Amino acid sequence: MARKGYRTSARVLERFTQGNLVLAMDHREHPGVYALAGLVKELILTRYKGDRTRAIAESTRNFRTRTGMRKGANADGEHVLQEVALWAEASNEKEPTRLDLMVQMIRTKPSDPYRYQQLLLRYFEGT
82 MARKGYRTSA RVLERFTQGN LVLAMDHREH PGVYALAGLV KELILTRYKG
132 DRTRAIAEST RNFRTRTGMR KGANADGEHV LQEVALWAEA SNEKEPTRLD
182 LMVQMIRTKP SDPYRYQQLL LRYFEGT
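What the sequence shown shows, in this note's numbering, is residues 82 to 208, in sequence order.
And the structure:
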């Protein structure tokens, strides 16, 4: 007998089945989280000489300056803010519409991971 913690509720399963599934048959590489992770690693190694703490602090400060965002809603929101700020810095993101989408992602991820995934897809479709 499975423990309750290992069961997926019907509501969650319904949300999965309501999403769109697309097969990419063109064999093109689409930008994604792994590509951004590579850019972030390169940023930390080259500009910050491996100092991740300094990279996070400066990227977060720059992101707040560009967007006017003060803080994440809570500790989880602050962590997401730092993560997305590194993405923005590594990809040299300055376009206001895309920065606004990143702010939405920061505010959404801690409370609604499904909506966050939708926003993330929108972000990558725009790159």
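Beta carbons are placed, not taken as given, at the ideal position from N, Cα and C, and that holds for glycine.
Everything numeric in this text was worked out from a predicted model, so none of it was measured.
Query: Buried or exposed by the 16-neighbour rule on C-beta atoms within 10 Å, applied to residue 142; Result: exposed
Query: Buried/exposed call for residue 190, threshold 16 Cβ in 10 Å; Result: buried
Query: Selection from 180, 196, 192 and 149 that minimises the alpha carbon distance to residue 207; Result: 180
Query: Beta-carbon proximity of residue 223 to residue 176, cut-off 7 Å; Result: Within the shown structure, residues of the chain are numbered from 82 to 208, placing residue 223 beyond reach of any answer.
Query: Residue 125 vs residue 118 beta-carbon contact at 7 Å; Result: no
Query: For residue 147, the nearest candidate out of 164, 178 and 134 (CA to CA); Result: 178
Query: Nearest-angstrom Cα separation, counted from residue 92 out to residue 149; Result: 36 Å
Query: Neighbourhood of residue 202 by C-beta, 7 Å cutoff - its chain only, sequence neighbours within 5 removed; Result: none
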